[in-house]
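J.: If you scroll down you'll find the structure; I have some questions about it.
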Amino acid sequence: MKAQESYPIDVAAIREDFPILARKVGGDVTTPGEGEGDTEPLVYLDNAATSQTPKRVVESIVDYYYGYNANVHRGIHQLSQEASVAYEEAHDRVADFIGAEGREEIVFTKNTTEAMNLVAYAWGLNELGPGDRVVLTEMEHHASLVTWQQLAKKTGAEVKYIRVDDEGRLDMEHAKELIDESTKMVSTVHVSNTLGTINPVDELADMAHEVGAYIFVDGAQSVPTRPVDVGDIDADFFAFSGHKMLGPTGIGVLYGKEGVLEDMEPYLYGGDMIRRVTYEDATWEDLPWKFEAGTPNIAQGIGLHAAIDYLDDIGMENVQRHEELLAEYAYDRLSEFDDITIYGPPGDDRGGLVAFNLDSVHAHDLSSILNDYAVAIRAGDHCTQPLHDKLGAAASARASFYVYNTREEVDALVEAVGQARELFA
1 MKAQESYPID VAAIREDFPI LARKVGGDVT TPGEGEGDTE PLVYLDNAAT
51 SQTPKRVVES IVDYYYGYNA NVHRGIHQLS QEASVAYEEA HDRVADFIGA
101 EGREEIVFTK NTTEAMNLVA YAWGLNELGP GDRVVLTEME HHASLVTWQQ
151 LAKKTGAEVK YIRVDDEGRL DMEHAKELID ESTKMVSTVH VSNTLGTINP
201 VDELADMAHE VGAYIFVDGA QSVPTRPVDV GDIDADFFAF SGHKMLGPTG
251 IGVLYGKEGV LEDMEPYLYG GDMIRRVTYE DATWEDLPWK FEAGTPNIAQ
301 GIGLHAAIDY LDDIGMENVQ RHEELLAEYA YDRLSEFDDI TIYGPPGDDR
351 GGLVAFNLDS VHAHDLSSIL NDYAVAIRAG DHCTQPLHDK LGAAASARAS
401 FYVYNTREEV DALVEAVGQA RELFA
């Protein structure tokens with residue numbers, strides 16, 4: 001069985017780069033950081049929400065603040081020029097990492113949610129109207145679902161949803177029915193943050209383009225965990241967040257095909273995105289700065305560059321193999337319990353997460369018990385309330401894995417779940 005293979009990466013060496021993984025927990029939560037009462041070694045399995053940050057990334061941010069802290073694109077002095085070069089090179093690094101043509105196609109945002117809203121309002125408000133259709137999937141994150149839902153209300157467009165079948169996969173025949181000549185946008189999650197489903201986004205892109213529609217791919221759970229090439233997918237838009245891929249919070253990425261971005265109006269107005277201003281009108285800066293109004297998240301962009309370097313040193317194929325190995329192992333171990341429901345495809349065909357429920361125990365209660373055993377997971381609807389309604393679950397518990405996790409940590413999860421079963425028996 002694949003889950004019994006040796007690790008494809010040196011997990012022990014990687015863990016040394018993450019000081020937080022050595023801390024103990026269990027004490028007073030009102031006092032951040034390890035302190036009196038923290039006695040249990042942390043088992044961190046909440047990576048689909050936020051990954052931890054290696055020393056190299058933290059040091060890159062410290063280097064910026066200690067060595068060349070200045071605003072970008074505003075000064076002739078040396079510090080400003082150094083900061084501008086580093087910030088621009090971060091765009092270049094992202095472009096190379098995801099297969100974009102260049103920095104012109106890489107817009108830095110706060111997160112995936114802001115990237116989604118940028119396209120919805122900068123493109124959708126001008127392009128959608130009555131009779132137009134936006135096609136989503138039933139497994140969309142609220143960042144996509146709510147954004148397009150509310151934009152449709154403003155424009156008079158309609159939103160349709162591709163069905164999810166009993167195994168947690170998209171019904172592609174239904175997708176063919178929905179993506180018709182009235183469709184202007186298809187927006188789909190690449191890897192489901194609840195089901196772990198890996199969607200055939202290249203097929204959906206072909207369907208969209210056949211009818212003249214754009215496709216927006218939510219890559220928040222895919223870019224951190226597997227090789228992604230936006231050119232191979234033929235995505236018109238693609239978004240992801242730095243904090244799920246070893247980077248800092250407050251930095252996200254919107255990829256857009258250069259020609260599409262050129263035709264879009266700005267979403268925010270202000271400093272750095274303008275070329276010329278008069279009392280009567282204004283013109284816009286070149287891409288990508290046209291969509292980056294005001295002082296950007298400079299340090300976070302530099303930190304994202306460092307995070308990508310770290311992941312590339314591991315190798316994204318290795319990252320994918322490692323997290324899929326752990327997901328399959330967790331799926332198999334949790335399947336040993338006859339009173340646990342696991343959502344999504346089989347363990348050997350999913351991304352690196354497992355969402356589940358223990359019969360007669362609310363996910364929040366289960367998570368609280370696991371916390372007593374120092375196991376950190378996510379409990380709730382994972383920003384997919386409509387999907388949970390479809391599943392007939394108010395919430396679910398989710399364990400998600402990354403490059404520093406081990407089979408022993410999965411065993412700790414399973415043991416803690418077993419303790420919870422006894423407690424609620």
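The sequence shown stops at residue 425 when you use UniProt numbering, and every number in between is there. Where a beta carbon is used, it is the ideal one built from N, C-alpha and C, also for glycine. Given the structure is predicted, the values throughout are model-derived calculations rather than measurements.
Just how far apart, CA to CA, sit Glu328 and Gly196?
T.: If I take the Cα positions, the gap works out to 11 Å.
J.: If Tyr269 sits next to Leu118, beta carbons under 8 Å apart, how far is it from one beta carbon to the other, in whole angstroms?
T.: At roughly 13 Å, the Cβ-Cβ gap does not stay under 8 Å, so Tyr269 and Leu118 are not in contact.
J.: Identify the residues that DSSP records as bridge partners of Met185: which are they?
T.: Val134 and Tyr214.
J.: So Thr147 is in the alpha helix (DSSP H); what residue range does that whole segment cover?
T.: Thr147 -> alpha helix (DSSP H) spans His142 to Thr155.
J.: Rounded to whole angstroms, what's the CA-CA distance from Val253 to Glu88? Just pull it up for me.
T.: Computed Cα separation, rounded: 13 Å.
J.: Taking the continuous alpha helix (DSSP H) assigned at Ile302, which residues delimit it?
T.: Ile298 to Ile314 is the span of the alpha helix (DSSP H), which, as asked, contains Ile302.
J.: When the Cα atoms are used, what is the spatial distance from Glu317 to Glu324?
T.: Rounded to whole angstroms, Glu317 to Glu324 spans 11 Å at the Cα level.
J.: Let me know if Thr147 comes out buried or exposed under the rule of 16 or more other beta-carbons within 10 Å of its beta-carbon.
T.: When all chains shown are included, Thr147 counts as buried.
J.: Excluding the five sequence neighbours on either side, which residues of its own chain have a C-beta within less than 6 Å of the C-beta of Gln4, listed in chain order?
T.: Reliability fails at Gln4, whose pLDDT of 46 lies under 50, so the model's placement of it is uncertain and the value that follows must be treated cautiously. Answer for Gln4: no residue qualifies.
J.: Can you give the Cα-Cα distance for Ile340 and Val417, rounded to whole angstroms?
T.: Taking the straight line joining both Cα atoms gives about 10 Å.
J.: Rounded to a whole number of angstroms, what is the C-alpha to C-alpha distance between Phe108 and His91?
T.: Phe108 and His91: Cα-Cα distance of roughly 8 Å.
J.: Could you tell me which of Asp17, Gly33 and Glu16 sits nearest to Phe24, measuring between CA atoms?
T.: A small fix is needed here, since residue 24 is Lys in this sequence, not Phe. Measuring from the Cα of Lys24, the nearest candidate turns out to be Gly33.
J.: Measure the Cβ-Cβ separation of Glu40 and Ala374 and say whether it is below 8 Å.
T.: Their beta carbons are under 8 Å apart, which means Glu40 touches Ala374 by this criterion.
J.: Can you tell me whether Ser241 is helix, strand or coil according to DSSP?
T.: In this structure, Ser241 counts as strand in the three-state DSSP scheme.
J.: In three-state terms, what does DSSP make of Thr113?
T.: DSSP places Thr113 in helix when its eight states are reduced to three.
J.: In chain order, what residues of the same chain have a beta carbon less than 8 Å from the beta carbon of Asp200, not counting five sequence neighbours either side?
T.: Correcting the residue type first, residue 200 is Pro in the shown sequence and not Asp. Only Leu170 and Met172 meet the Cβ criterion.
J.: Whole-angstrom Cβ separation of Tyr161 and Thr137, contact assumed at under 8 Å?
T.: With 8 Å as the limit, Tyr161 and Thr137 qualify as a contact, their Cβ atoms being about 6 Å apart.
J.: Go ahead and pull the three-state DSSP assignment for Lys176.
T.: Looking at Lys176 - three-state DSSP - the assignment turns out to be helix.
J.: Need the endpoints of the beta strand (DSSP E) that Lys390 sits in, please.
T.: Premise fails: Lys390 lies in the alpha helix (DSSP H), Gln385 to Leu391, not in any beta strand (DSSP E).
J.: Name the two residues that bound the continuous alpha helix (DSSP H) containing Phe97.
T.: Here the alpha helix (DSSP H) through Phe97 covers Gln78 to Ile98.
J.: Okay, do the stretch 295-315 and the stretch 208-222 touch, 3+ Cβ pairs below 8 Å being the bar?
T.: They do not touch, by the three-pair rule.
J.: Which class does Ala397 belong to by DSSP, given the choice of helix, strand or coil?
T.: Strand, per DSSP.
J.: Taking contact to mean at least 3 C-beta pairs separated by less than 8 Å, is the stretch 231-244 in contact with the stretch 359-374?
T.: The stretch 231-244, when compared against the stretch 359-374, does not touch it at the 8 Å Cβ threshold.
J.: Based on Cα-Cα distance, which residue from Ile106, Met185 and Ile179 lies nearest to Leu145?
T.: Closest option to Leu145, Cα to Cα, is Met185.
J.: Taking Val211 as the reference, which of His243, Gly67 and Lys176 has the closest Cα?
T.: The shortest Cα separation from Val211 among His243, Gly67 and Lys176 belongs to Lys176.
J.: By DSSP, does Leu413 sit in helix, in strand, or in coil?
T.: The answer is helix: DSSP assigns Leu413 an H, G or I state.
J.: So Tyr255 packs on Ile20, CB below 8 Å; how close in whole Å?
T.: The Cβ separation is near 30 Å, so there is no contact.
J.: Between which two residues does the alpha helix (DSSP H) containing Val230 stretch?
T.: Run containing Val230: Val230 to Ile233, per the alpha helix (DSSP H) assignment.
J.: Please tell me whether Pro248 and Val410 are closer than 8 Å, where the distance is taken between their beta carbons.
T.: No.
J.: What number of angstroms, rounded off, separates the C-alpha of Glu104 from the C-alpha of Leu287?
T.: If you take the alpha carbons of Glu104 and Leu287, they lie about 5 Å apart.
J.: On the three-state DSSP scale, how would you describe Asp17?
T.: DSSP places Asp17 in coil when its eight states are reduced to three.
J.: Counting only the same chain and skipping the five closest in sequence on each side, list residues whose C-beta sits under 6 Å from that of Ala22.
T.: So the list is empty, once near-sequence residues are dropped.
J.: In three-state terms, what does DSSP make of Val375?
T.: Note: Val375 maps to strand in three-state DSSP.
J.: Let me know the secondary structure DSSP gives Arg163 once reduced to three states.
T.: In the structure shown, Arg163 sits in coil (DSSP, three-state: anything other than H, G, I, E or B).
J.: Taking the straight line between their C-alpha atoms, what separation do you get for Arg275 and Arg321?
T.: Each residue's alpha carbon lies about 46 Å from the other.
J.: Among Glu101, Asp132 and Gln150, which has the Cα closest to the Cα of Tyr121?
T.: Here the closest residue by C-alpha is Gln150.
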